[in-house]
Structures are given as structure tokens and as C-alpha cells.
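Letter by letter, the sequence shown follows residues 0 to 239 in numbering that gives the first Met the number 0.
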Amino acid sequence: MSSSLISAAGSGPSLAHWEAIDTVLLDMDGTLLDLRFDNYFWLELVPERYAARHGLSVERAREVLRPMFATTQGTLDWYCTDFWSRQLSLDIAAMKHEIREHVRFLPGAEQFLRALRHKGVRIALVTNAHRDSLKVKATQTGLLNYFDVVFSSHSFGVPKEHPEFWRQLQAALQFDPARTLFVDDSHSVLRAAREHGIAHIFAISKPDTGMDKREVTEFMSVEAVSHLLEELSGRDHRPD
Ligand SMILES: [Mg+2]
Numbered sequence: 000m001s002s003s004l005i006s007a008a009g010s011g012p013s014l015a016h017w018e019a020i021d022t023v024l025l026d027m028d029g030t031l032l033d034l035r036f037d038n039y040f041w042l043e044l045v046p047e048r049y050a051a052r053h054g055l056s057v058e059r060a061r062e063v064l065r066p067m068f069a070t071t072q073g074t075l076d077w078y079c080t081d082f083w084s085r086q087l088s089l090d091i092a093a094m095k096h097e098i099r100e101h102v103r104f105l106p107g108a109e110q111f112l113r114a115l116r117h118k119g120v121r122i123a124l125v126t127n128a129h130r131d132s133l134k135v136k137a138t139q140t141g142l143l144n145y146f147d148v149v150f151s152s153h154s155f156g157v158p159k160e161h162p163e164f165w166r167q168l169q170a171a172l173q174f175d176p177a178r179t180l181f182v183d184d185s186h187s188v189l190r191a192a193r194e195h196g197i198a199h200i201f202a203i204s205k206p207d208t209g210m211d212k213r214e215v216t217e218f219m220s221v222e223a224v225s226h227l228l229e230e231l232s233g234r235d236h237r238p239d
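1. How about the segment 135-146 and the segment 163-176: do they share at least three Cβ pairs that are nearer than 8 Å?
2. State yes or no: is the C-beta of H195 within less than 8 Å of the C-beta of W165?
3. Spell out the partners DSSP gives T126 in its beta bridges.
4. Evaluate the contact criterion for the segment 54-65 versus the segment 197-214: three or more CB pairs, one atom per stretch, below 8 Å.
5. Pick helix, strand or coil for D28, following the three-state DSSP scheme.
6. Whole-angstrom Cβ separation of V224 and T30, contact assumed at under 8 Å?
7. Do the segment 151-163 and the segment 124-133 meet, that is, are 3 or more Cβ pairs less than 8 Å apart?
8. In whole angstroms, what separates the C-alpha of L64 from that of P46?
9. Whose CA, out of V221, L228, V135 and T179, lies closest to the CA of E100?
10. Got a sec: does ligand 1 put a non-hydrogen atom nearer than 7 Å to the Cβ of G209?
11. Alpha carbons only, please: which of A191, H226, V148 and E62 is nearest the one belonging to G73?
12. What is the DSSP secondary structure of S94, reduced to helix, strand or coil?
13. Just checking S187 against ligand 1 - is the residue's beta carbon closer than 7 Å to any of the ligand's heavy atoms?
14. Just to confirm before moving on: does the CB-CB distance between L105 and D183 stay below 8 Å?
Laid out in C-alpha cells, this is it:
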């Protein structure tokens, strides 16, 4: 191969081959694990329990919770089980543990991780999940067996949406942004990674198996991580 990069069709971003990648950074929820669990947890179970705890109707509980969620999204508190336990007077970590059997890999995610193991790349889990959530999900799925290293943004004090997260990750992991692949389902997180200079970025367009595929125009995208094995194998490709 004369060049490690080929151009995507038209004026789209360039697409790497696996040979051009030596570090793979993967998000957890909505990228490897079905976001259905988290959506059920926050949109169904939490309003129900909050209503019961505070003597409200579930409908009223949703009205109270909506602005609290809206103002916190994208901050580290949004991902912090301790924060929400305090805010809502509910034991969020215990509730996650209670419904842990519903944690699932997204279709093809485990096969992808197994295949990645044979590619000789360094594999890092890069998550905004709090250690309590991470523990429940890792125990349930065995997810961490596939990783060389795990980073939770809580240990950096800033979420993945923040440029400082990427500076700290770079210092900790010493990755070459030009030879790094990053996959996430959050567009604000992908934007921060792109700003940091990570060359190979993919969005997941179907993070929740209970919902329709999302329209993705800003980034290259795949419906599931397993499609990356083919997408980066060298054939021509255009963004979805
Ligand atoms: Mg995610």
C-alpha cells in the first residue's frame, strides 16, 4: 500500500485502514453496550422510584426531573451516581445493581472486541461512566477482559466533552492522534475528540436497540462497531 490513508468518496473525511491505526479508544454505553439499559433506567425506573419516594405521580416526577437532567447533561455530575443519589434521595448505584441482568452488549460488539484482540492494537475503554456503573456493567458482561487499559473521566475531573479530558488522556496514554481510532455515540464527545486532533473518528448510529437508527451527517458512522472491521479493511466508503 502506497499510503496509509485513502480518501473517502467526494469531499468526505479520509478513511484509514487498520494498518494505519495502533490505538483504539472505545466508549462503553451506546457504543459497546446497549443504551437501552440506561434509557430505561433514567426515563422509566428513576421517575417511578422518585415518584414513590416523594409522593408524586410518575407524570409529575418526570416534570420535576426533566429540567434537572437538562441542566446537568454534558457535565461530570450527569454521569455521577453519587450526585444523583444525593439530588434525588435515591440509591442510584443500588438501583443499577438491582436491574443488572438487563445490561447487554450491542449486537456484534463482543465479536468486534474479540477480533480487535488479533489486530495487535492497543485497546482502551474511555468512558464517562462512574465507577459504580462501570463495576455493574463490567461484572455483568466481562467487558474489561478485552481491554488493555480503562479510563473513567471521573478520575480526570472533567467529562469527555471537555478539551482538558483529551489533554489528560493524551498525557496518560501517550497515543499518537494521527494513528488513533475513536468510537462513541455522543456527538459532543466526538467533537471534542476531533478538536484534539484524533484522526479516525466514527459515530455509532444505533446506540439503543429499542430505538430507530439516528441520522449522522457530521461524522463517519456505523450502525454497530462490528461494521468497522469491514469499513476499515480498505474498501471504498462514503459517510452514511
Ligand atoms: Mg456513549
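Ideal Cβ positions, reconstructed from N, Cα and C, are used throughout, including at glycine.
In brief:
1. Taking 8 Å as the limit for Cβ pairs, the verdict is that the segment 163-176 does not touch the segment 135-146.
2. In this structure, H195 lies near W165, with their beta-carbon atoms less than 8 Å apart.
3. Beta-bridge pairing links T126 to S151.
4. The segment 54-65, when compared against the segment 197-214, does not touch it at the 8 Å Cβ threshold.
5. Strand, per DSSP.
6. The beta-carbon separation of V224 and T30, rounded to 6 Å, stays under the 8 Å limit for a contact.
7. Yes, they touch.
8. C-alpha separation (whole angstroms): 7 Å.
9. For the residues V221, L228, V135 and T179, the minimum Cα distance to E100 belongs to V135.
10. No, the beta carbon of G209 sits no closer than 7 Å to any heavy atom of ligand 1.
11. Considering only alpha carbons, the answer is A191.
12. Just to set this straight, residue 94 is Met in the shown sequence, not Ser. DSSP places M94 within a helical segment (H, G or I) once states are collapsed to three.
13. Answer for S187: no, Cβ out of range of ligand 1.
14. No, these two residues do not count as a Cβ contact at 8 Å.
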